[in-house]
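Chains as they are written, first to last, in this note's numbering: chain A, 16 to 384; chain B, 167 to 451; chain C, 7 to 313. Notes for the one structure printed next.
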Amino acid sequence: MSLKLAGITKAFKKEIVLQDVSLDVETGKTLVLFGPSGAGKTVLLRLIAGVIEPDAGTIQIAGRDMEGVEPEDRDVGMAFQNFALFPHMSAEDNIASPLTAQRQSQSEIKSGIQALAKLLKIEHVLGHKPKELSNGQKQRTALARALAGKPGSLLLDDPLRNVDAKLRFEMRLELPRLLKDQNATVIYVTQDYKEAMAFGDQIAVIHEGQVQQIGTPEEIYLTPATTEIARLFGDPVINLMDVAPEARGRMVSVSVSDQPIMLDPGYAEMVGQECVLGVRPEAFRFVEPNSPSAIPVQVETEAPLNEKTVTLVLTAGGREVMVTRPSGTPGPNGGTAHITIDSAATLLFDRASGRLCVPKATIAGEAIA
Amino acid sequence: MQQKSTLEQILRGVALACVIFFFMFPIFWILLMSFQTNETILRVPPSMVFEPTLTNYRSLISGTLEGSTATLEIKFMGNLWNSLFLSVTSVTVGLILGVPAAYAFAKLKFRGSEDIAFTLLSFRFAPPLLVLLPLTIYFQQLGLADTYFGLIWVYQLIVLPLILWIVRGYFEDIPSDIEYAYRIAGHGFWTTFRKIALPLAGPGIAAAGLLAFIFAWNNFIFALVLASADKQPVTVGALAFITAAGINYGQIAAGIMLSIAPTFALALYAQRYLVEGLSLGAVKG
Amino acid sequence: MSTQTTDVPRKSRFKISKRALPYVLSLPALLVCIGILIPFFTAVAYSLQRYRLSQPWAREYNWGANYLNFMTDPSFWNTLKVSMTYAFLTVGIELVLGLGIALLLQQRSRLNNFVSIMLLMPLMTAPALASLMWKLMTNPGFGILSYWATLLGIEDMKWASDPSTAMLTVVIVDVWVYTPFIMILLLAGLRSLPRQPFEAAELDRVPRLFVLWRITLPMLMPFLLTAVLFRVIESIQQFDIIYAMTQGGPGNTLTVFQVEAYLNFFQSTNIGRSAALLMILWVITYILSTIFIKNWLRLRERARGDA
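Pasting the structure below:
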């Protein structure tokens, strides 16, 4: 079931929540809607599910226009962030609800529920009411309910938001496989960039009701369309430094702590403009003091983060910079240290608009938002 | 906790005793009267010592009063039946009409819905006679005068606003997502209404029904204006009772006890919802 | 190939368009109420007519004459005065008593809960029947209250049959029935108040009267206002208790608005005057109820928010 949204606009009482949103998801693919809370992601899911109607724009599911089509006739399944389990029904009856709607026989329903429950490890709580379930069990029940009817499209509204860390970790591993088995078109809403990177064939970044960028996870990470997106994707967060590109012969350079950083000559037209240089923490490297273009820094603190080690350093100009290196590799011995920047891995943004500057002639990727 | 002095404890106790006495004594005294014959009732000074008798209740239920001079027919059981029939039917009709409307006002905000809801509410506060007096003339013309149908219709004035506003609150408390989830699972609007909205608002609907019943049962003015003897509920019937010749005071007392017993029982049963109902949903108990 | 394509909605029965749905749901209730709105407009018309059932030939529109006549009509002024007195006395006493009892029962304890449930009983008694009960207790021949009056040295207390004590008697009945209403509303209000200000005051050893006056009562204000307005609106329209007790008598001592209108309509069959009286009552209650509804809505918001 392909899914196509064109020009969707929605306002609640004059407050615009979605503006001219267009998305296209191919059958069987997963699109992640990523963005901060209040960005309009949940509203978008509700529009697709048909429980609210857009002010403008069209929604097509499997090529059919959905205007005036009731939620029950759209062949979608949805898992709500707050689970929205039916409090007066047992977990089993919750999961059975799409099956009874399809008028399946009792035995079909039973076996369908058993299979799902086994898969999601909730067999032992099928008889319980939602209020007797733990958060994790609720989440799995809600997921099972969304999957049970084998809908053509699955809408998952931040399903891992309200579960504990351990379960979230497990589900991050299990869920992609589960979704692949369903062979459904999936729209997955999340605020967690790792989830977005792990689940999405495509990621659509939504901010303030508008689609900021659509692309594969790599595209979003490597060429974020704005400083905002660059900041949202990546942990620790990208280092952003105000710079003013200068011409240096045929090259373009910016200076960071009085050290010139050579950039792609394609940035020539940004010379003299106010810009922001984006450097991912992993694009810094600790070097010997006498290395070329080494920037002297003061080491503030150091902390491990998963398989990386994060160091917070202070440049001579008083700028805080985050540097990561693979754990176990040698780092600074406290006090002062020197770092260099892998200039090929830097990003240049226009400071006024926050948009990514794309060097002429060497357009990287297709991500032009 | 601040230490309460003994004096204060005593004062509190005395105050509480006075309160209980003032509010409970009338019910207690009438209950005593209902087990007495005229002879013991008329004793001066009044006394709480007497031989209890069930004759008052017996004669009310059998419908004949054995007076000293003649046998008197009374229709008290008829009045009781009228009260029951009018209240039950009015509440049933009120629920059938009011629950879907409450849902519309709670969940499907539509143009003018708030204004309409408030107009309905303001009926609750308008002087009933303003509507009743012209209605007597219309009912004559329409042939509705002194019919159960006409009375049940007018009873909606008390029953509907109550049901509408209490049940509306309960519908508002149901998260929309739960209903959406059921729709998305593939069920139509009506199935969702039946399987999700109604069961989840169930306690509210029951409470509104019970309260509406109490209010309908206790109503006096509607039936006084619109009903003749054979359709009168106990509230109006009991009043005629007191002027009936040859009646025993004990029988009046017994009649009152029989008339207030159902509402007392319901109130005890539904007391959790009384506060909410009496304030039309403004205050939760 | 199956004959059914997925493009056809599975069930087309009972499909009502989304736009029409709210109207379909609320229309039956509205229709029933519209049937009740018509008599309201009829009443407006009656109030502008010279209309006596005894003189049907003389029925004609006299426009504002019914209202103008009130200006010089002592029995109208009596009605106004009696109604106001009744409302003022009943609500005033009920407020003081209700607040006192609510404060007395504020602590949640088994005894207090039991007492508050017991106190609901008068409120659940039909007001007309409550009058009847008090009539039995104030009977000059055998009434227990009359007997107690003699013990206090008041001989021959006639209660409702005596113009000087008739008002007192009906007010007592009203207080008996409706004090619990104010009490349970305020009790619910008291118990819903946040605890911190009181705990802070207790730590600072603030005198309890001061706490009551400066913290409790101001915080309770929305509840007080709602309860009082609710009661004033009902009390100024009181009919059941007064009619069941004295039918407005003795004389015209208790001819409040609705009783006077009822008597005008059914006894003197002066329909025009009766309707005009009710219109004036309606204006009074309408003004009060708009103020009331605003308050009530705010409380309701709050109660829903807490849920």
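We treat Cβ as the ideally placed atom computed from N, Cα and C, and that holds for glycine. Nothing here was measured: the structure is a model prediction, and the numbers come from that model.
Span of the beta strand (DSSP E) around residue i
{"i": "Val220/A", "result": "Gln217 to His222"}
{"i": "Phe299/A", "result": "Phe299 to Val302"}
{"i": "Asn254/A", "result": "Asn254 to Val258"}
{"i": "Pro327/B", "result": "Run containing Pro327/B: none in the beta strand (DSSP E); it sits in the alpha helix (DSSP H), Tyr314 to Asp339."}
Cβ neighbours of residue i in the same chain (closer than 7 Å, five flanking residues each side left out)
{"i": "Ala406/B", "result": "none"}
{"i": "Val234/C", "result": "Val97 and Leu101"}
{"i": "Leu329/A", "result": "Val312, Gln313, Glu315 and Glu335"}
{"i": "Thr11/C", "result": "With a pLDDT of 39 at Thr11/C, under the threshold of 50, the modelled position of this residue cannot be trusted, and the question is left open."}
{"i": "Phe248/A", "result": "Tyr208, Ile235, Tyr236 and Pro239"}
{"i": "Ala390/A", "result": "Because chain A here runs from 16 to 384, residue 390/A falls outside it and cannot be looked at."}
{"i": "Leu286/B", "result": "Leu326, Pro327 and Leu330"}
The alpha helix (DSSP H) enclosing residue i, as first and last residue numbers
{"i": "Asp343/B", "result": "Ser342 to Ile350"}
{"i": "Cys184/B", "result": "Thr172 to Met199"}
{"i": "Lys125/A", "result": "Gln121 to Leu135"}
{"i": "Leu209/C", "result": "Gln202 to Leu209"}
{"i": "Ile242/C", "result": "First-last for Ile242/C: undefined, no H or E at that position."}
{"i": "Gln152/A", "result": "Asn150 to Ala163"}
{"i": "Asp250/A", "result": "From DSSP, Asp250/A is part of no alpha helix (DSSP H); its letter is neither H nor E."}
{"i": "Phe305/B", "result": "Pro294 to Leu308"}
{"i": "Leu175/A", "result": "Looking at the DSSP string, Leu175/A is not in any alpha helix (DSSP H), and its letter there is neither H nor E."}
{"i": "Ile314/C", "result": "Since the first residue of chain C shown is 7 and the last is 313, residue 314/C is not available in this structure."}
{"i": "Phe120/C", "result": "Arg116 to Met124"}
Strand pairing of residue i, partner residues [DSSP]
{"i": "Gly92/A", "result": "Leu169/A"}
{"i": "Phe49/A", "result": "Thr205/A and Val220/A"}
{"i": "Arg340/A", "result": "Thr324/A"}
{"i": "Val314/A", "result": "Val328/A"}
{"i": "Glu261/A", "result": "Ser268/A"}
{"i": "Lys25/A", "result": "Leu33/A"}
{"i": "Glu66/C", "result": "Arg56/C"}
{"i": "Ala352/A", "result": "Val312/A"}
{"i": "Leu20/A", "result": "Leu38/A and Ile74/A"}
{"i": "Arg79/A", "result": "Ile76/A"}
{"i": "Gln274/A", "result": "Val271/A"}
{"i": "Ile229/A", "result": "Ala219/A"}
{"i": "Phe364/A", "result": "Val291/A and Leu371/A"}
{"i": "Asn276/C", "result": "Arg58/C"}
{"i": "Glu234/A", "result": "In DSSP, Glu234/A forms no bridge with anything."}
Cβ-based neighbour list, residue i, same chain, cut-off 6 Å, excluding 5 preceding and 5 following
{"i": "Trp140/C", "result": "Val179"}
{"i": "Ala245/A", "result": "Pro239, Ile253 and Gly293"}
{"i": "Gly142/A", "result": "Ser105"}
{"i": "Lys241/B", "result": "none"}
{"i": "Ala159/A", "result": "Ile110, Leu131 and Leu135"}
{"i": "Ala382/A", "result": "For Ala382/A, the predicted structure reports a pLDDT of 40, less than 50, and the residue's modelled location is therefore unreliable. The matter cannot be settled from this model."}
Sequence-distant residues of the same chain with beta carbon closer than 8 Å to residue i, five excluded per side
{"i": "Pro260/A", "result": "Val267, Ser268, Val269, Leu278, Tyr282, Met285, Val286, Gly287, Gln288, Cys290 and Leu363"}
{"i": "Ile387/B", "result": "Pro294, Leu295 and Leu298"}
{"i": "Phe245/C", "result": "Val262, Gln264, Val265 and Tyr268"}
{"i": "Asn204/B", "result": "Asn414, Tyr415 and Gly416"}
{"i": "Ile221/A", "result": "Val36, Leu48, Phe49, Gly50, Ala54, Gly55, Lys56, Leu59 and Gln227"}
Cβ separation of residue i and residue j, assumed to be a contact under 8 Å, to the nearest whole Å
{"i": "Ala49/C", "j": "Ala281/C", "result": "5 Å"}
{"i": "Ala309/C", "j": "Val449/B", "result": "6 Å"}
{"i": "Phe430/B", "j": "Ser253/B", "result": "Wrong, their Cβ atoms sit about 14 Å apart, outside the cutoff."}
{"i": "Gly369/A", "j": "Thr241/A", "result": "5 Å"}
{"i": "Leu59/C", "j": "Thr275/C", "result": "4 Å"}
{"i": "Ile63/A", "j": "Gly224/A", "result": "Not confirmed; about 16 Å, so no contact."}
{"i": "Ile247/C", "j": "Ala136/C", "result": "7 Å"}
{"i": "Leu246/B", "j": "Leu424/B", "result": "6 Å"}
is_contact[residue i, chain F] using C-beta, thresh 8 Å
{"i": "Val66/A", "result": "Absence of chain F from the displayed structure is noted, the protein chains being A, B and C."}
When the Cβ atoms of the stretch 218-226 of chain C are set against those of the stretch 256-274 of chain C, are three or more pairs found closer than 8 Å?
The answer is no - the stretch 256-274 of chain C does not touch the stretch 218-226 of chain C, with fewer than three Cβ pairs under 8 Å.
Evaluate contact between the stretch 284-294 of chain C and the stretch 318-330 of chain B, counting only Cβ atoms and requiring at least three cross-stretch pairs below 8 Å.
Taking a cut-off of 8 Å for Cβ pairs, the stretch 284-294 of chain C and the stretch 318-330 of chain B do not touch, as fewer than three such pairs fall below it.
Three-pair Cβ contact test at 8 Å for the stretch 87-102 of chain A versus the stretch 130-139 of chain A:
Contact between the stretch 87-102 of chain A and the stretch 130-139 of chain A is absent, because fewer than three Cβ pairs lie under 8 Å.
Would the stretch 374-394 of chain B count as touching the stretch 206-220 of chain A if we require 3 or more Cβ pairs under 8 Å?
They do not touch, by the three-pair rule.
Pair every Cβ in the stretch 31-48 of chain C with every Cβ in the stretch 297-309 of chain B, then say whether three or more of these pairs are closer than 8 Å.
These segments touch.
For the stretch 343-358 of chain B and the stretch 396-403 of chain B, state whether three or more C-beta atom pairs, one from each stretch, are separated by less than 8 Å.
By the Cβ rule, the stretch 343-358 of chain B does not count as touching the stretch 396-403 of chain B, because fewer than three pairs are nearer than 8 Å.
Would the stretch 430-444 of chain B count as touching the stretch 263-277 of chain B if we require 3 or more Cβ pairs under 8 Å?
The way I'd put it, the stretch 430-444 of chain B doesn't touch the stretch 263-277 of chain B; fewer than three beta-carbon pairs between them come closer than 8 Å.
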